[in-house]
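> To start, I am sharing the structure in question, which I have written as structure tokens.
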Amino acid sequence: MDVLAYMAEHGHEQLVVCSEPSVGLKAFIAIHDTSLGPAVGGTRIWPFETEEEAIMDVLRLSEAMTYKSAAADLPMGGGKALIMADPRTDKTEALLRAYGRHVDTLNGRYVTTTDVGSTGRDLEYISLETEHVAGLPVSQGGSGDTSLMTGLGVYMGMKACAKAAWGTDSLSGRTVALQGFGKVAYRTAEHLVEEGANLVATDVYEEAREKARLMGARVVEPEAIYDVECDIFSPCALGGVLSSRTIPRLTCSIIAGGANNQLLTDHDGMELHRKGVLYAPDYIINSGGVINIACELGAPYNEDRAREMTERVYGTMERVLDISSREGIPTSQAADRMARERVDSVSNLRRIYRGP
Ligand code: NAD
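Numbering (numbering that gives the first Met the number 0), first residue to last: 0 to 355.
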């Protein structure tokens with residue numbers, strides 16, 4: 000793998016390699032683009048087999064963060080970090096603090112938060128070594144769990160898609176199939192139930208399925224969710240679920256869910272477009288979490304403001320759908336174009352010298 004060639008092709012600014020053998024720290028911090036502001040993105044803790052896999056993952060994820068923040072109109076760039084460790088067994092105070100010291104050396108160019116494998120408790124250790132942390136638990140002065148806003152954003156995005164597909168944004172009487180019933184799906188479902196939508200749900204864990212049943216959802220086996228008769232399919236578990244294996248089975252008019260990286264390949268986005276299925280680009284519809292983080296940076300956190308900003312996902316989705324239908328391109332490409340244009344237009348301003 001030629002890392003520098005990949006970075007040049009995708010526009011990455013920096014890849015930091017962090018090591019502290021005494022505590023077993025092996026980590027990478029990728030900064031994709033800071034044209035709009037500090038690179039913000041979570042720290043993933045995952046036991047990758049090879050450094051190559053870990054580097055590719057962190058580079059890819061940091062680029063997605065640039066587009067997510069850009070499309071949500073936030074003054075933030077894209078970054079991500081990855082600690083090569085098993086989150087169930089390897090996390091220690093020393094490891095997290097060693098990592099925190101590396102984050103601190105970047106002087107605010109990178110601000111971290113939680114991601115797969117990391118928790119608010121881990122952030123507390125990291126924050127002992129650096130102030131460049133967001134999303135701390137409420138008890139520590141942070142904004143806490145981001146899924147509340149992510150769920151609200153997913154719901155607003157669904158409504159914008161409904162308006163485009165059916166001429167009304169009411170979800171009353173519509174059937175929504177939720178894949179995964181974790182934090183984001185639960186928060187999304189709260190809004191759907193309130194509006195009178197019918198829910199079908201699945202999860203690999205019985206505890207989560209029971210939660211879904213208690214909200215009135217009909218629960219199906221994980222693999223059966225692709226075949227459920229529904230109006231909206233909502234991927235809220237893992238990435239890569241929209242593929243040549245699953246797309247032919249879907250009966251929905253709209254795909255709108257909170258999971259990251261839903262399309263297995265770019266081709267799958269084209270295929271949905273060709274079939275006339277309206278796909279809500281993942282980083283547009285699931286931006287409530289990063290919007291929540293933005294509300295914590297630089298000002299005392301205010302939940303009402305976070306809510307008001309998250310509700311704008313509706314308008315952002317409308318803009319993406321508009322570009323897609325005007326240009327005849329898949330919604331995934333329309334979102335990339337919109338985000339890229341904002342980054343490029345602002346980065347051009349750097350040539351204006353502001354004086355000493
Ligand atoms: P979570 O761990 O609370 O929920 C995920 C659920 O999916 C779990 O209950 C898990 O058992 C289930 N699951 C996993 N594989 C499955 C499968 N094959 N079939 C059915 N169920 C399966 O996580 P979350 O915070 O709700 O995040 C869900 C998705 O949304 C992730 O892709 C995450 O990256 C993305 N996301 C989350 C946020 C946030 O604020 N939490 C923000 C943006 C994006």
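Note that CB positions come from ideal geometry on N, CA and C, so glycine has one too.
Whole angstroms is fine: what's the gap from ARG59's alpha carbon to GLY239's?
14 angstroms
> Whole-angstrom Cβ separation of ALA70 and MET337, contact assumed at under 8 angstroms?
6 angstroms
> Is ILE254 helix, strand or coil by DSSP?
strand
> How about ILE351 and THR145: do their beta carbons lie closer than 8 angstroms?
no
> Quick one: is the Cβ of LYS182 within less than 7 angstroms of any heavy atom of the ligand NAD?
yes
> From ARG43, VAL345, PRO86 and GLU12, pick the residue whose C-alpha is nearest to that of GLU62; which is it?
GLU12
> Can you tell me whether ALA236 sits near the ligand NAD, meaning its C-beta is under 7 angstroms from at least one heavy atom of the ligand?
yes
> Following a CB-centred definition, is ALA211 positioned closer than 7 angstroms to any heavy atom of the ligand NAD?
No heavy atom of the ligand NAD is found nearer than 7 angstroms to the CB of ALA211.
> Return the first residue and the last residue of the alpha helix (DSSP H) that ILE82 is part of.
Segment 76-83 is the beta strand (DSSP E) holding ILE82; no alpha helix (DSSP H) there.
> My understanding is that ILE290 touches MET308, with C-beta atoms under 8 angstroms, so please give their C-beta distance in whole angstroms.
Rounded, the Cβ-Cβ distance is 5 angstroms, consistent with contact.
> Along the beta strand (DSSP E) that carries VAL132, what are the first and last residues, could you check?
No beta strand (DSSP E) contains VAL132, which DSSP labels as neither H nor E.
> Can you tell me whether ASP202 is helix, strand or coil according to DSSP?
coil
> Do the CB positions of GLY215 and GLY195 come within less than 8 angstroms of each other?
No. Outside cutoff.
> Expressed to the nearest angstrom, what Euclidean distance is found between the alpha-carbon atoms of VAL110 and PRO299?
16 angstroms
> Ignoring anything shorter than 4 residues, give me the alpha helix (DSSP H) runs that lie fully in the stretch 142-181, in order along the chain.
146-165
> Does DSSP put LEU277 in a helix, a strand or coil?
strand
> Rounding to the nearest angstrom, what Cα-Cα distance links GLU130 and ASP103 in this structure?
Cα-Cα distance, rounded: 7 angstroms.
> Identify whether ALA298 lies in helix, strand or coil by the three-state DSSP scheme.
coil
> Thinking C-beta only, is THR112 closer than 8 angstroms to GLY134?
GLY134 is a Cβ neighbour of THR112, given a cutoff of 8 angstroms.
> Considering Cα atoms alone, identify which of LEU177, ARG244, GLN261 and ASP72 is closest to ILE231.
LEU177
> Would you give the residue range spanned by the alpha helix (DSSP H) that TYR109 belongs to?
Run containing TYR109: none in the alpha helix (DSSP H); it sits in the beta strand (DSSP E), 109-113.
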